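In mature numbering (1 follows the signal peptide of the UniProt record, and there is no 0), the protein residues as written are -20 to -1, 1 to 692.
What follows is a set of notes on a single structure, which appears directly below.
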């Protein structure tokens, strides 16, 4: 009888809980979404007139703008109140898989072992080193947890150690606009020098005199990296000498040191063209010499070894790149000699140089390859990789005089490993394997696949897929399809412990390797940019249709996700085929393409004409307008949508998603969910702490799991 009563009690509790959830959802249905005021602005170009009712949102100092963003945030919070406990559950679940007191695999440089570690409960890394031996006493370099105190956002980058090991330069950003302040710390006394170099990329390079720093400044308005300065310790940054000014607004500039440490290099690059200047690192007062003058459409990168430079380039129509070499005294392109020829079916991505070996990073049929070869030609071989859903590549290899190659490897269903490979004996040592805590993960419970969808023009589009082996493949399972497809960036099939929160709840996860990335080589990128940009969008849609046709899912259970330029992809596909998706997650989405690309005061605009086209030219204007998500919102039904942004985003300005959501609210004919979630303290990368970022992922996952009725 007690057992029966217990069951009745449980049943009653379940009914009460279900009723409460229903009441919460019913209450949320009565909440009215914010309606943005309309202030029509006439925008005219090439005789074409656009009326933008929400153009006024592009002023983050305007109280009306802040009020609207806060109203949207309040609406999102109220509408998702019933998932708050579930979000917290997801957060704790994802956090619980991560080792909180983790540390990196130490690497050695100039007699010191350098380590990055995390302490339990803390958000930010701690940087330290040990002299000669890992058993030596730890020397604390930076505790970012202390440095972040008092800031809602904190990021440190560009730590650079002086050649004599006594000082470190570093950059910090506390706003999330990617405008870093560079300072120098005396590693002997612990003193941080008071002089601050503002508005930089955060990175800097030491000359061999241990007192001269070269660094990159940003334009204060466009945030374009356009100037290289020289700073001498002990002098005011106001007296720093300008050593290079990149005046072409379509280029960005940067500075670094060759692995051989003989040269300081200034680089200038646009999407299609590059140019370098070199200076002997022993001659801080010298003048930089042009390595090889820029030539439109010719890209190259340089590595130094002994008395020669090795040049990775697409010169002479080497679409998938080739490796050339030249004497360090005769560096212009007419002196370059072929070292590794161009191959139509293999993309040459990088070269890593050691004293006795060089290592080529390649991509063949979408898969990473690493070829190891001796300089004397006596031996060459590929590292063996068997899977079709893996990621591999060089890790930190700062030591020039070593036979050890450090590389990373992980499969979509298996955690990453850092591996030291002895290039002479051909033996490997796993230095670290990512731990998945919680005691529930078993890689044998998951299956990965690589599929090929036929696009509407006949091209085969690769798909990387992972799911639990007990997941139904009869069309009833939910599926999250991720895509990016711009700038030649390749989204490899990497492992994610966070993603397990979806997989273990029955989701299938798919990466669509659409055109615009370089998964299938440089031609795959070229076929997804400029006047071929729509291939990116139609590839994604065709992959979705293929997954539906193959019974992996149905439109009622299919979800799409992308961020930044991947957010543009989301905006385009819901205009093209909204009926295919039950829900869409668009993170910091680039959706107002015409207006942004016409505004050369916005960061990134001028440097991206080679990616999207320059709409100041009518043919590009017309093509961009034909797919720009904001300009193509129509009166029709759209999927459920979660859109996120950051008020201080320097890459995609917050007003793009804000305007887009306002216009969608005005036009959409459905009752589906539409949320705009603005982080009022962060920028393009979201929250800065490692655990705070998990809370943002928990919001995204809760959104689609709630739509699936799995938010329990």
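Backbone N, C-alpha and C define an ideal beta-carbon position, used for all residues, glycine too.
Since we're looking at a predicted model, the values are computed, not measured.
- When the five nearest sequence neighbours on each side are left out, the beta carbons in the same chain lying within less than 6 Å of the beta carbon of residue 510 are those of 593, in order along the chain.
- Minimum Cα-Cα distance from residue 52 among the listed residues 650, 589 and 637 corresponds to 637.
- Your pair residue 446 and residue 483 checks out as a contact, with CB atoms roughly 7 Å apart and the cut at 8 Å.
- A residue is called buried once 16 or more other Cβ atoms fall within 10 Å of its Cβ, and residue 343 is buried on that count.
- As the crow flies, the alpha-carbon of residue 328 is around 27 Å from that of residue 185.
- For residue 678, DSSP assigns no beta-bridge partner whatsoever.
- Per the DSSP secondary-structure output, residue 432 pairs in a beta bridge with 442.
- Non-local C-beta neighbours of residue 643 in its own chain, meaning closer than 7 Å and more than five positions away in sequence, comprise 34, 610 and 613, ordered along the chain.
- Its chain contains 204, 229, 230, 231, 232, 250 and 251 as the residues whose beta carbon lies nearer than 8 Å to that of residue 587, once the 5 sequence neighbours on both sides are disregarded; these appear in chain order.
- Note that the C-beta distance between residue 49 and residue 660 is below 9 Å.
- Taking a C-beta distance under 9 Å as the contact criterion, residue 215 and residue 195 do not qualify as a contact pair.
- In this structure, DSSP gives residue 610 a helical state, which the three-state scheme calls helix.
- Within 10 angstroms of the beta-carbon of residue 105 lie 16 or more other beta-carbons, which makes it buried.
- Its chain contains 562 as the residues whose beta carbon lies nearer than 6 Å to that of residue 536, once the 5 sequence neighbours on both sides are disregarded; these appear in chain order.
- Per DSSP, residue 425 lies in no beta strand (DSSP E) segment and is marked neither H nor E.
- In terms of Cβ geometry, residue 150 and residue 168 do not form a close pair [threshold 9 Å].
- Contact between residue 160 and residue 138 holds, since their C-beta atoms are separated by about 7 Å, short of 8 Å.
- Residue pairing by DSSP puts residue 391 in a beta bridge opposite 370 and 394.
- Note on geometry: alpha-carbon atoms of residue 313 and residue 272 lie some 6 Å from one another.
- Counting every other CB atom within 10 Å of its CB across the protein chains shown gives residue 519 a total of 16 or more, marking it as buried.
- For residue 221, the closest C-alpha among the options 260, 425, 254 and 177 is that of 177.
- Per the C-alpha coordinates, the member of 398, 392 and 403 positioned closest to residue 339 is 403.
- DSSP, reduced to helix, strand and coil, places residue 660 outside both helices and strands of the structure shown, so it counts as coil.
- Annotation: residue 381 to residue 491 spans about 39 Å, alpha carbon to alpha carbon.
- Where residue 635 is concerned, the enclosing alpha helix (DSSP H) starts and stops at 635 to 647.
- Contact annotation, residue 361 with residue 374: C-beta distance approximately 16 Å; criterion of less than 8 Å not satisfied.
- Only residues of its own chain outside the window of five on either side were considered, and among them 416, 417, 418 and 477 have a CB closer than 6 Å to the CB of residue 77, listed in chain order.
- Per the Cβ contact rule, the region 397 to 414 is not in contact with the region 62 to 74 (fewer than 3 Cβ pairs under 8 Å).
- In this structure residue 649 is not in contact with residue 673, their Cβ atoms being roughly 35 Å apart against a cut-off of 8 Å.
- In the DSSP assignment, residue 555 falls within the alpha helix (DSSP H) that extends over 545 to 556.
- Remark: C-beta atoms of residue 332 and residue 377 approach each other more closely than 9 Å.
- With contacts defined by Cβ atoms closer than 9 Å, residue 568 and residue 624 form a contacting pair.
- Taking all protein chains shown into account, residue 394 has 16 or more neighbouring C-beta atoms within 10 Å of its C-beta and is therefore buried.
- For residue 95, the enclosing beta strand (DSSP E) begins and ends at 92 to 97.
- In the DSSP assignment, residue 49 falls outside any beta strand (DSSP E) and within the unbroken alpha helix (DSSP H) covering 43 to 59.
- Distance between residue 470 and residue 498, taken at the CA atoms: about 5 Å.
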